[in-house]
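**Q**
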Amino acid sequence: MNTWLTTGSSLEQDIQREINTFTKDLWKEDAITIGVVKQIRGALANTTIEGDPVKSKVLARAYKADGKVEERFGDLAIVVRITFRDGEQLEGVAFYEAKIRDWDKNTLPAAKKGKLNQMHRALWHGHLLIFDRTQTAKRGKWQKRSAEELETLTENLVAHVKRNPNQRSEQIAEALKTTTKDLSLPLKALVEAKQLRTTGQRRGMTYTAK
Numbered sequence: 022m023n024t025w026l027t028t029g030s031s032l033e034q035d036i037q038r039e040i041n042t043f044t045k046d047l048w049k050e051d052a053i054t055i056g057v058v059k060q061i062r063g064a065l066a067n068t069t070i071e072g073d074p075v076k077s078k079v080l081a082r083a084y085k086a087d088g089k090v091e092e093r094f095g096d097l098a099i100v101v102r103i104t105f106r107d108g109e110q111l112e113g114v115a116f117y118e119a120k121i122r123d124w125d126k127n128t129l130p131a132a133k134k135g136k137l138n139q140m141h142r143a144l145w146h147g148h149l150l151i152f153d154r155t156q157t158a159k160r161g162k163w164q165k166r167s168a169e170e171l172e173t174l175t176e177n178l179v180a181h182v183k184r185n186p187n188q189r190s191e192q193i194a195e196a197l198k199t200t201t202k203d204l205s206l207p208l209k210a211l212v213e214a215k216q217l218r219t220t221g222q223r224r225g226m227t228y229t230a231k
């Protein structure tokens, strides 16, 4: 069953504004995740099913995971229960593993290959949520990239590599109308999560989907 939910909220902009409140001294993964959870939780309060004429009951909540749940599945959980008009219920949960880009460097210091592989094996369909910053040339200052933008870029990246295996990062960036710099972190994360594999080295490195 494919059921599409809509929040009726500008969630991407809300998350962007939340991330923008974190300065260098507050740039901590858990703190940002808690802020993002608050924004998602507020948006989920108005969740409905897209195109549903009978207005089925939707209960959706976002949580900051901790303890063994966080260790095994990820930092952020979204739990959904839909009760249809005939009483049938559909329940599900999505997990996001949050990682932050270093404030000064183009690295993901907390992204450990073993941890990502463990979560990949434990989940049917997990997501990697990267809190990133990107330079805006027109303004000459740093602006944080939204979580939704990163997720969309990552999904488009995987889909493109599946259709076009054995391309270099320059070729992928050109096809996706972006830059190799913007692709560097998603590519690294996808390789570490074993969703992509590489062949060759340096500028000759190519990517294929697993």
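One point on numbering: in the numbering used here, the residue at position 126 of the sequence shown is 147, and numbering is uninterrupted. Ideal Cβ placement from N, Cα and C applies to all residues, glycine included. Keep in mind it's a predicted model, so treat the numbers as computed, not measured.
For the alpha helix (DSSP H) that contains Q110, what are its first and last residues?
**A** The residue you call residue 110 lines up with position 89 of the sequence shown. Here Q110 belongs to no alpha helix (DSSP H); instead the beta strand (DSSP E) covers Q110 to I121.
**Q** Check whether the region 61-70 and the region 109-129 touch, using three or more Cβ-Cβ pairs below 8 Å as the test.
**A** No, the region 61-70 does not touch the region 109-129.
**Q** If you compare alpha carbons, which of A196, K85, L65 and L174 is closest to D203?
**A** Mapped onto the sequence shown, residue 203 falls at position 182. Residue L174 is the option with its Cα nearest to D203.
**Q** Return the chain-ordered list of same chain residues with a C-beta closer than 6 Å to the C-beta of H148, the five sequence neighbours on each side being excluded.
**A** Here residue 148 refers to the residue found at position 127 when the sequence shown is read from its first residue. Cβ neighbours of H148 beyond the five flanking positions: Y117.
**Q** Compare the Cα-Cα distances from Q60 to each of R82, W48 and D46 and report the closest residue.
**A** Position 39 of the sequence shown, counted from the start, is the residue given in the question as residue 60. Comparing Cα-Cα distances from Q60 to each of R82, W48 and D46, the minimum goes to R82.
**Q** Confirm, please, whether the CB-CB distance from N187 to T227 is below 7 Å.
**A** On the sequence shown, position 206 is the one that residue 227 refers to. On the sequence shown, position 166 is the one that residue 187 refers to. Cβ atoms of T227 and N187: closer than 7 Å.
**Q** To the nearest whole angstrom, what separates the beta carbons of K85 and L97, a pair I think is in contact under 8 Å?
**A** Position 64 of the sequence shown holds residue 85. Position 76 of the sequence shown holds residue 97. The pair is a contact, with the Cβ atoms about 6 Å apart (cut-off 8 Å).
**Q** Around the Cβ of D153, are there at least 16 other Cβ atoms within 10 angstroms (buried) or fewer (exposed)?
**A** Position 132 of the sequence shown, counting from 1, holds the residue named residue 153. Per the 10 Å Cβ criterion, buried.
**Q** Could you give the DSSP three-state label for Q222: helix, strand or coil?
**A** The sequence position of residue 222 within the sequence shown is 201, counting from 1. Note: Q222 maps to coil in three-state DSSP.
**Q** Classify A180: buried if its beta carbon has 16 or more other beta carbons within 10 angstroms, exposed otherwise.
**A** As a position in the sequence shown, residue 180 is number 159, starting the count at 1. A180 comes out exposed.
**Q** Name, in chain order, the residues that DSSP records as bridge partners for Q216.
**A** Residue 216 sits at position 195 when you count from the first residue of the sequence shown. Paired residue(s): none; Q216 is not in a bridge.
**Q** DSSP puts L80 in a beta bridge; with which residues?
**A** Within the sequence shown, residue 80 is the residue found at index 59, counting from 1. In the DSSP output, where bridge partners are listed per residue, L80 has R102.
**Q** Quick one: is T54 buried, meaning 16 or more other Cβ sit within 10 Å of its Cβ, or exposed?
**A** Against the sequence shown, residue 54 aligns to sequence position 33. With 16 or more Cβ atoms within 10 Å of its Cβ, T54 is classed as buried.
**Q** Rounded to whole angstroms, what is the Cα-Cα separation between V100 and K231?
**A** Translated into positions along the sequence shown, residue 100 becomes position 79. Translated into positions along the sequence shown, residue 231 becomes position 210. One C-alpha to the other measures close to 28 Å.
**Q** With DSSP run on the structure shown, which of helix, strand or coil describes F152?
**A** In the sequence shown, residue 152 corresponds to position 131, counting from 1. Here F152 sits in strand by DSSP.
**Q** Quick one: residues in its chain with C-beta nearer than 6 Å to the C-beta of K45, no 5 flanking neighbours on either side, listed in chain order?
**A** On the sequence shown, residue 45 is found 24 positions in, with the first residue counted as 1. Answer for K45: W124, listed in chain order.
**Q** Buried or exposed for V57, going by 16 or more other Cβ atoms inside 10 Å?
**A** Residue mapping note: residue 57 aligns to position 36 of the sequence shown, counting from 1. The residue in question, V57, is buried, as its Cβ has 16 or more Cβ neighbours within 10 Å.
**Q** Within the same chain, show all residues whose beta-carbon is closer than 7 Å to that of K162, passing over the 5 residues directly before and after it, in chain order.
**A** Translated into the one-based positions of the sequence shown, residue 162 becomes position 141. Since pLDDT at K162 reaches only 36, below the 50 mark, its modelled position is unreliable, and the value read off the structure follows with that caveat. For K162, where only same-chain residues beyond five positions count, there are no Cβ hits under 7 Å.
**Q** Among the candidates L32, E50 and R38, whose CA atom is the shortest distance from the CA of A66?
**A** In the sequence shown, the residue the question calls residue 66 occupies position 45. Checking every option, the nearest Cα to that of A66 belongs to L32.
**Q** In this structure, does DSSP put T44 in helix, strand or coil?
**A** On the sequence shown, position 23 is the one that residue 44 refers to. T44 falls in the coil class under three-state DSSP.
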